[in-house]
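For the sequence shown, this note's numbering begins at 42 and goes up steadily by one. A quick write-up on the structure given underneath.
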Amino acid sequence: MNFSDAVSTEDVAPTVCETFEKHYDLILVVGTSPKGEFKVCSRTLARSNKVFDKMLYGPFLERKPTTGDWVVNLPEDNPSAFQIFLDLVHRFSPAIPQRPAEDTLYHLVSTIHYYNMYDIFQKWGLKSRRKYTTSSSTNSPEALWIAWVFGLENQIENILGNVTNQSKIDSGGRLCFGEKGQPYHLDSHLGEFDLESK
């Protein structure tokens, strides 16, 4: 996939609001700036995943309060990616972007990894994999992880080849990449999650 052709998350309105369930009982406030507000059914989330089941119905701060609205804050998550994540949970396939931007796709994969939702992603990912087979114009760690997750061998080879040819070791012993010599940070989860093994 040529990620430059995708829609950037910068084009998304500062605040994303969506009601996933008409008779919702839970409001998820995702991210900080931008921030997303999603009205969902807690039971749907709990049925979809053990993490949410324990989070919402276990002895944690996120459990339903005795009074007032049930609001759970998830400041570390990306609202655009979380919206797609909830679309997958609710099986709203038409609402899922055909070609999410690289940063959105990266955050989506990270969210799925964090909440251990591989089974939901795998069904969608295997169907969508062919859309990401064009070589990427970026050599970012995010693009590398996306290529790994989708099993895009040619893209992985291209990215690693470019990184190898354009990298150097700085005075601090760090791997630096590109003309500006920026440190190249590989995600610690790279290799733990891919469509074939989960």
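From the three backbone atoms N, C-alpha and C, an ideal C-beta is built for every residue, glycine too.
{"Check": "Same chain only: Cβ atoms within 7 Å of Phe61, ignoring 5 sequence neighbours per side", "Outcome": "Phe79, Lys80, Val81, Leu127 and His131"}
{"Check": "Reduced DSSP category for Lys209 - H, G, I as helix; E, B as strand; rest coil", "Outcome": "strand"}
{"Check": "Per-residue DSSP class, three states only, for Thr175", "Outcome": "Reliability fails at Thr175, whose pLDDT of 46 lies under 50, so the model's placement of it is uncertain and no value is given."}
{"Check": "Simplified DSSP state of Lys168, which is helix, strand or coil", "Outcome": "helix"}
{"Check": "At least three beta-carbon pairs within less than 8 Å, the region 132-147 to the region 96-113", "Outcome": "no"}
{"Check": "Buried or exposed (CB count within 10 angstroms, at least 16 for buried), Ile187", "Outcome": "buried"}
{"Check": "Range covered by the beta strand (DSSP E) that runs through Lys63", "Outcome": "First-last for Lys63: undefined, no H or E at that position."}
{"Check": "DSSP state of Phe123 mapped onto helix, strand, coil", "Outcome": "helix"}
{"Check": "Phe101, enclosing beta strand (DSSP E) - first and last residue", "Outcome": "Here Phe101 belongs to no beta strand (DSSP E), and DSSP marks it neither H nor E."}
{"Check": "Own chain residues within Cβ distance below 8 Å of Asp211, not counting five before or after", "Outcome": "Cys217, Gly222 and Pro224"}
{"Check": "Among Asp160, Val70 and Ser208, nearest to Glu103 - alpha-carbon criterion", "Outcome": "Val70"}
{"Check": "Buried versus exposed call for Asp160 [16 or more other C-beta atoms within 10 Å across all chains shown]", "Outcome": "exposed"}
{"Check": "Gly72 and Pro120 closer than 8 Å at C-beta", "Outcome": "yes"}
{"Check": "C-alpha gap between Lys63 and Leu86, whole angstroms", "Outcome": "15 Å"}
{"Check": "Rounded straight-line distance, which links the Cα of Lys91 to that of Pro100", "Outcome": "14 Å"}
{"Check": "Cβ shell of Ala136 (< 6 Å), same chain only, five flanking positions each side left out", "Outcome": "Asp128"}
{"Check": "Residues sharing a beta bridge with Leu216, DSSP", "Outcome": "Ile210"}
{"Check": "Separation of Gln207 from Thr175, as counted between CA atoms", "Outcome": "Unreliable placement is indicated for Thr175, whose pLDDT of 46 sits below 50; no coordinate value is reported for it."}
{"Check": "Own chain residues within Cβ distance below 6 Å of Asn203, not counting five before or after", "Outcome": "Asn180"}
{"Check": "Proximity below 8 Å, CB of Gln124 to CB of Glu194", "Outcome": "no"}
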